[in-house]
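Take a look at the structure set out below.
Residue numbers (our numbering): 93 to 329.
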């Protein structure tokens with residue numbers, strides 16, 4: 093099967109809801125959804141395995157800013173069109189910068205839901221969170237409202253900032269065909285089929301990366317307890 097049938101799309105939707113509502117860590121939720129995906133839409137899971145293997149061979153994401161390096165500055169519009177820049181954020185305390193693939197990605201939705209549940213704890217430590225995604229303002233706003241996030245969701249159209257961090261990847265013909273049921277060109281405002289590697293950076297007041305999580309396999313994300321510990325360390329730095 094190379095195309096997602098409507099009945100299987102509904103099965104995936106139900107699997108997402110079960111994983112979102114299950115007790116357990118973010119890692120357990122992600123693993124449960126990945127297992128459901130392998131059963132329901134195996135062609136896509138197998139194509140992703142091949143993509144991840146190629147990215148790993150080519151050092152996908154390895155050249156992104158490392159701990160101890162300066163985080164490149166950005167100025168990007170949030171879901172309301174207001175420009176947000178990293179320098180003004182770090183002036184107030186540590187900043188968590190998180191890259192997401194899009195509002196349509198179930199792994200991103202599971203991840204942001206977990207982060208939302210921890211946002212008060214991070215705020216109490218003086219930290220701010222920003223999410224960055226390559227979608228237009230309309231979908232950034234949808235992502236924010238559906239997750240209940242109280243932090244900005246920034247639009248990185250054409251993946252310009254992700255490219256500067258060596259996080260942008262092109263999806264080849266196989267993945268494009270399997271995702272053809274999604275209107276990615278409408279979400280992105282272009283037909284480039286480029287997505288960021290999901291990543292998390294904890295940046296200190298001095299603009300230096302304190303901690304990073306970068307994995308070319310978008311089915312894996314930084315665990316919330318690790319994120320909280322990194323923010324706590326940065327807030328005391």
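Don't be surprised by glycine CBs; every beta carbon is placed ideally from N, CA and C.
Check your understanding: Got a sec? Which residues, its chain only, sit under 6 Å from residue 128 by beta carbon, not counting five neighbours each side?
Key -> Here residue 128 is taken as the residue at index 36 of the chain shown, counted from 1. Cβ within range, chain order: 107.
Practice item. Return yes when the Cβ of residue 201 is within less than 9 Å of the Cβ of residue 225, no when it is not. Key: Along the chain shown, read from residue 1 onward, the residue named residue 225 stands at position 133. Along the chain shown, read from residue 1 onward, the residue named residue 201 stands at position 109. Cβ atoms of residue 225 and residue 201: not closer than 9 Å.
Practice item. Assign residue 264 to one of two classes, buried (16 or more other C-beta atoms within 10 Å of its C-beta) or exposed (fewer than that). Key: For the purposes of this step, residue 264 is taken as residue 172 along the chain shown, with counting starting at 1. Exposed is the call here.
Exercise for review: Evaluate the contact criterion for the segment 181 to 197 versus the segment 284 to 304: three or more CB pairs, one atom per stretch, below 8 Å.
Suggested key: With three or more CB-CB distances shorter than 8 Å, the segment 181 to 197 counts as touching the segment 284 to 304.
Exercise for review: Give the DSSP-derived three-state secondary structure of residue 251 in the structure shown.
Suggested key: Counting from one through the chain shown, the residue named residue 251 turns up at place 159. Reduced to three states, the DSSP call for residue 251 is helix.
Check your understanding: Does the beta carbon of residue 161 sit closer than 9 Å to a beta carbon anywhere in chain C?
Key -> The chain labelled as chain C is not found in the depicted structure, where only one protein chain is given.
Exercise for review: Note down, in chain order, each residue of its chain lying with its Cβ closer than 7 Å to the Cβ of residue 165, except the 5 sequence neighbours on either side.
Suggested key: What you label residue 165 is simply residue 73 of the chain shown in a count that begins at 1. Cβ within range, chain order: 177, 178, 179.
**Study point:** Limits of the unbroken alpha helix (DSSP H) element including residue 322
**Key:** Counting from one through the chain shown, the residue named residue 322 turns up at place 230. Segment 316 to 327, the alpha helix (DSSP H) holding residue 322.
**Study point:** In DSSP terms, what residue 330 is bridged to
**Key:** In this structure the chain extends from 93 to 329, so residue 330 is not present and cannot be described.
Point to revise | 7 Å CB neighbourhood of residue 213 in its chain, flanking five on each side removed | key: As a working mapping, residue 213 is identified with position 121 in the chain shown. Excluding sequence neighbours, residue 213 sits near 320.
**Study point:** the segment 204 to 223 / the segment 132 to 150 touching (three or more Cβ pairs under 8 Å)
**Key:** no
Check your understanding: If you check the beta carbons only, do residue 167 and residue 293 fall under 9 Å apart?
Key -> In the chain shown, counting from the first residue as 1, residue 167 sits at position 75. In the chain shown, counting from the first residue as 1, residue 293 sits at position 201. For residue 167 and residue 293, no; Cβs fall outside 9 Å.
Review point. With contact counted as at least three CB pairs below 8 Å, one residue from each stretch, are the segment 302 to 319 and the segment 112 to 125 in contact?
Key: A contact exists between the segment 302 to 319 and the segment 112 to 125.
Exercise for review: For the alpha helix (DSSP H) holding residue 213, just list the boundary residues, first then last.
Suggested key: To locate residue 213, count along the chain shown from 1; it is residue 121. 198 to 216 is the extent of the alpha helix (DSSP H) around residue 213.
Exercise for review: Output the residue ranges of the alpha helix (DSSP H) runs that lie fully inside the segment 120 to 175 and measure 4 residues or longer, sorted by chain position.
Suggested key: The qualifying runs are 134 to 149.
Review point. By Cβ distance, which residues of its chain are closer than 8 Å to residue 253, with the 5 residues on each side in sequence left out?
Key: By 1-based counting over the chain shown, the position of residue 253 is 161. Same-chain partners within the cutoff: 164, 166, 168, 224.
Check your understanding: Start and end of the beta strand (DSSP E) containing residue 304?
Key -> The residue labelled residue 304 in the question sits at position 212 within the chain shown. Counting along the chain, the unbroken beta strand (DSSP E) around residue 304 starts and ends at 301 to 306.
Check your understanding: What residues in its chain sit with their C-beta under 7 Å from that of residue 152, if we drop five residues either side in the sequence?
Key -> Against the chain shown, residue 152 aligns to sequence position 60. The beta carbon of residue 152 sits closer than 7 Å to those of 261, 289, 308, all from its chain and outside the five residues before and after it, given in chain order.
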